[in-house]
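Residue 741 is where the sequence shown ends in this note's numbering, and the numbering goes up by one at each step. Ideal placement from N, C-alpha and C gives every residue a C-beta, glycine not left out. Below is one structure, written out as structure tokens, with a few remarks after it.
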Amino acid sequence: MPDKYYLTTPLYYVNAKPHIGHSYTNIAADALARFKRLQGKEVLFLTGTDEHGQKVERASREAGMSPGGFTDSIVPSFKDLWQRLSISYDDFIRTTEKRHVETVKAVWLRLHEKGEIYKDRYSGYYCTPCETFWTERQVLTEKEGILCPDCRRPLDQIEEENFFFRISRHQKWLMDTVRSGEMLVLPETRQNEVLGFLENNVLQDLCISRPKSRLSWGIESPVSPEHVTYVWFDALINYISACGYPDDENKFRKWWPVDVHLVGKDILRHHAIYWPILLKVLDLKLPRMIFAHGWWVQGREKMSKSRGNVVDPLEIVGRFGVDAYRYFLLREIPFGSDGVFSEEALTQRFNHDLANDLGNLAHRTLTMCEKYFGGRVPEGVSLDCAGPLRREAEGLFASLDLYMAKLDFSQALAEIWKLINRANKFIEESTPWKLAKQADLLPLKKVLVELLEVLRTAAHSLSPFMPATAEALWTQLGMEASPAQTPFAHRGWGSFQKGGKIQKAAPLFPRIEK
Ligand code: ME8
């Protein structure tokens with residue numbers, strides 16, 4: 228198994244500030260990156276911003292700013308949000324950076340040398356919110372006018388001289404590649420969508436430029452100074468420019484191919500069709516996996532900046548806390564499905580899962596340590612007196628490996644909660660308050676140590692998902708180091724054999740009264 232793990236998020240458009248949808252992909256990517264680090268992998272977690280194109284140019288004009296000044300003013304709102312949400316990215320790439328611009332130009336030249344591009348007249352439609360070209364055959368003709376088949380917003384009709392990338396002849400190869408699983412497209416519904424698209428459409432060569440007379444905010448083509456690069460063609464290349472293509476061969480060899488591209492289902496086609504074809508033509512390896520997750524919706528519409536129906540993550544985090552927000556997004560819906568964001572559902576998860584299940588287990592266990600043993604971990608309980616929870620606690624890591632390999636964050640969290648709830652039940656069954664009245668305290672000690680071991684396992688396994696909570700719980704247990712620095716290989720049952728001192732603090736999740 229390779230020791231490196233390279234994962235990416237989309238590069239977000241900077242036409243407006245980030246919303247819940249963007250935070251969703253980055254929180255999922257962060258949980259995965261942290262999980263892989265705990266598995267002992269060296270991780271490159273890449274995120275960033277997509278700064279060129281008509282949509283950003285238009286937004287900058289509306290803001291009365293130059294495109295460069297405008298993008299510089301928006302990028303910090305992404306970086307600040309990622310910091311607030313504990314997103315542990317290793318690299319943040321902006322498509323306006325020199326390292327990226329040079330790679331895009333190198334790709335243009337390579338395609339030109341190989342005879343893979345040609346100039347022709349483009350006659351069709353363009354959707355600025357989606358930054359997508361549409362042909363006459365693909366658009367929706369409704370009484371409101373000619374609409375984008377993806378977002379149902381009005382299209383611009385365009386007629387311009389552009390460069391095209393020959394992709395049509397790769398259709399059969401791509402279908403075979405997707406079918407064989409050589410490039411995994413997940414979940415399965417999305418794989419079927421890609422295959423369905425390829426079966427039902429003749430792949431048209433991809434337009435990769437815009438005339439400068441129409442759009443100046445883009446990377447100039449080294450093949451034609453009258454053209455800039457089409458924003459999608461520009462943006463996709465970030466995944467190789469960030470890891471050194473083409474000049475830093477060592478870096479590129481180390482990280483490429485990417486292990487997973489995390490994207491929303493809205494941009495599946497760009498990643499699962501155009502991108503692998505470009506890689507093939509450049510003689511580069513394909514992504515190992517593309518995972519297209521679902522959408523957070525409001526009413527029946529996708530939450531999006533241009534529809535103006537977005538929820539501000541900072542506002543929610545201000546009231547519920549970062550980890551509750553992370554937990555909710557990852558637990559509430561399976562990663563491939565759509566979900567409705569509601570504060571009622573978040574409050575319910577907060578009170579039920581976090582305050583009652585996890586919070587109470589920690590609070591009750593630590594209170595009993597204080598009450599019966601003066602805040603110390605009871606001593607004299609040997610490791611081999613395995614109680615009923617040990618097997619489940621140790622088995623948890625294997626289940627997590629299994630579910631995280633499928634990016635099933637929700638089920639991974641459900642497995643952790645199975646252990647937490649099993650431990651809560653164990654308290655009821657073993658009635659420690661009665662055991663405390665017996666002359667022989669060994670049975671009580673065993674129960675408490677067992678519970679502390681479970682809390683340690685919970686903190687350890689929760690650390691990719693809820694890093695601050697895991698740290699706080701770890702500290703309350705009197706543990707040293709940090710869960711994020713303790714590889715999963717050290718599963719650690721028996722950590723409390725030598726006793727120790729707990730540091731009980733305020734409840735982790737005080738209930739929210741409605
Ligand atoms: O498409 N629910 O950028 P973008 C879930 N720049 N996820 C959502 C979401 C929602 N309602 N709304 C957005 C672009 N997302 C291009 C990408 S990549 C080389 C270029 C997330 O700012 C989701 O990951 O429109 C989606 O794919 C992405 O944001 C789109 O971000």
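Pick from V608, F518, E453 that is closest to A632, judged by C-alpha positions: Checking every option, the nearest Cα to that of A632 belongs to F518.
How is M228 classed by DSSP in three states: helix, strand or coil? Confidence at M228 is low in this model, with a pLDDT of 47, below 50, so the placement of that residue should be treated as unreliable; the coordinate-derived value is given next. DSSP places M228 in coil when its eight states are reduced to three.
Just verifying my parser: in three-state terms, what is the DSSP assignment at C354? Per DSSP, reduced to three states, the secondary structure at C354 is strand.
Would I254 and Y552 qualify as a contact pair, given that the criterion is a beta-carbon distance under 9 Å? Against a cut-off of 9 Å, the Cβ pair of Y552 and I254 comes out as a contact.
Run the CB neighbour count on V429, radius 10 Å, all protein chains shown included, and call it buried at 16 or more, exposed below. Label assigned to V429: exposed.
Whose C-beta lies closer than 6 Å to the C-beta of E740 among residues of the same chain, with five residues either side of it excluded? By the criterion of a C-beta distance shorter than 6 Å, E740 is surrounded by no residue of its chain, once the five residues flanking it on both sides are discounted.
In chain order, what are the residue ranges of uninterrupted beta strand (DSSP E) at least 3 long that sit wholly in the region 382-470? If only uninterrupted beta strand (DSSP E) runs of at least 3 residues are considered, those enclosed by the region 382-470 are 383-392, 411-413, 436-438, 454-456.
I'd like to check one pair, V681 with A650: are the Cβ atoms closer than 9 Å? Taking 9 Å as the cut-off, the Cβ atoms of A650 and V681 count as close.
Minimum length 3: unbroken beta strand (DSSP E) runs contained in the region 484-548: Counting only runs of 3 or more, we get 487-491, 516-520, 523-525.
Would you mind working out which of T416, G267, K399, G726 sits nearest L495, comparing C-alpha positions? The candidate whose alpha carbon is nearest that of L495 is T416.
Within 9 Å, strictly: CB atoms of L700 and I647: No Cβ-Cβ contact shorter than 9 Å links L700 with I647.
Spatial neighbours of K306 within its chain, please: C-beta separation below 8 Å, excluding the five flanking residues on both sides. Cβ within range, chain order: F319.
With a 10 Å radius around its C-beta and 16 neighbouring C-beta atoms as the bar for buried, classify A625 as buried or exposed. Exposed is the call here.
If we ignore side chains and look at the alpha-carbon of each, how far apart do M228 and I373 end up? For M228, the pLDDT reaches just 47, beneath the cut-off of 50, and the residue's location in the model is therefore unreliable, although a value from the coordinates is still provided. Answer to the nearest angstrom: the Cα atoms are 51 Å apart.
Near Y240, what residues of its chain come up, given a Cβ to Cβ distance below 7 Å and the 5 sequence neighbours on each side ignored? The residues are D277, K282, V283.
Is V490 close to ligand 1? I mean its beta-carbon at under 8 Å from any heavy atom of the ligand. With a threshold of 8 Å, the Cβ atom of V490 counts as near ligand 1, since some heavy atom of the ligand is closer than that.
What first and last residue would you give for the beta strand (DSSP E) that runs through I654? Under the DSSP assignment, I654 falls outside any beta strand (DSSP E), being part of the alpha helix (DSSP H) whose first and last residues are 636-657.
Sequence-distant residues of the same chain with beta carbon closer than 7 Å to V434, five excluded per side: Looking at the sequence provided, one finds Cys at residue 434 rather than Val. Within the same chain, and ignoring the five residues on either side of C434 in sequence, the residues whose Cβ sits closer than 7 Å to its Cβ are Y349, F360, N389, F391, Y457.
Identity of the residue in V302, T684, L634 nearest G622 by Cα: That would be T684, whose Cα lies nearest to the Cα of G622.
I'd like to know if the region 466-483 and the region 328-344 are in contact, where contact means that at least 3 CB-CB pairs between them fall below 8 Å. The region 466-483 makes contact with the region 328-344; the number of CB pairs closer than 8 Å reaches 3 or more.
Is the distance from the Cβ of A708 to the Cβ of T696 below 9 Å? In this structure, T696 does not lie closer than 9 Å to A708 by Cβ.
Going by C-alpha distance, which of I464, D461, K512, A462 is nearest D486? Of I464, D461, K512, A462, the residue nearest in Cα terms is K512.
Tell me whether the region 232-247 and the region 258-278 touch, counting them as touching only if at least three CB pairs, one residue from each stretch, are closer than 8 Å. The region 232-247 makes contact with the region 258-278; the number of CB pairs closer than 8 Å reaches 3 or more.
Range covered by the beta strand (DSSP E) that runs through R321: Per DSSP, R321 belongs to the beta strand (DSSP E) from 318-321.
Compute the minimum distance between the beta carbon of S237 and the heavy atoms of ligand 1, and state whether it is under 8 Å. Strictly speaking, residue 237 in this sequence is Pro, with Ser absent from that position. At least one heavy atom of ligand 1 lies less than 8 Å from the C-beta of P237.
Bridge partners of V567, per DSSP? According to DSSP, residue pairing for V567 in a beta bridge involves V524.
Got a sec: does ligand 1 put a non-hydrogen atom nearer than 8 Å to the Cβ of A462? Indeed, a heavy atom of ligand 1 lies less than 8 Å from the Cβ.
Supposed close pair V549, L312 - CB separation, criterion 8 Å: Sure, about 6 Å apart at Cβ, within 8 Å.
Where does E559 sit, in a helix, a strand or coil, going by DSSP? Three-state DSSP puts E559 in a helix.
Nearest CA to the CA of H579: which residue from R738, K731, G408, K529? The candidate whose alpha carbon is nearest that of H579 is R738.
Member of A582, L238, K725 whose CA lies at the smallest distance from the CA of A462: Ranking A582, L238, K725 by Cα distance to A462 puts L238 first.
Among all the DSSP beta bridges, which residues are the ones paired with R576? Per DSSP, none; premise fails for R576.
Only counting the same chain, and skipping five residues up and downstream in sequence, which positions put a Cβ closer than 6 Å to that of V334? Here the set comprises I464.
Within 8 Å: the Cβ of H717 and any heavy atom of ligand 1? No, Cβ of H717 sits at least 8 Å from all heavy atoms of ligand 1.
Any chance the region 723-732 sits against the region 582-600, with 3 or more Cβ pairs inside 8 Å? Touching, yes, given that three or more Cβ pairs across the two stretches are closer than 8 Å.
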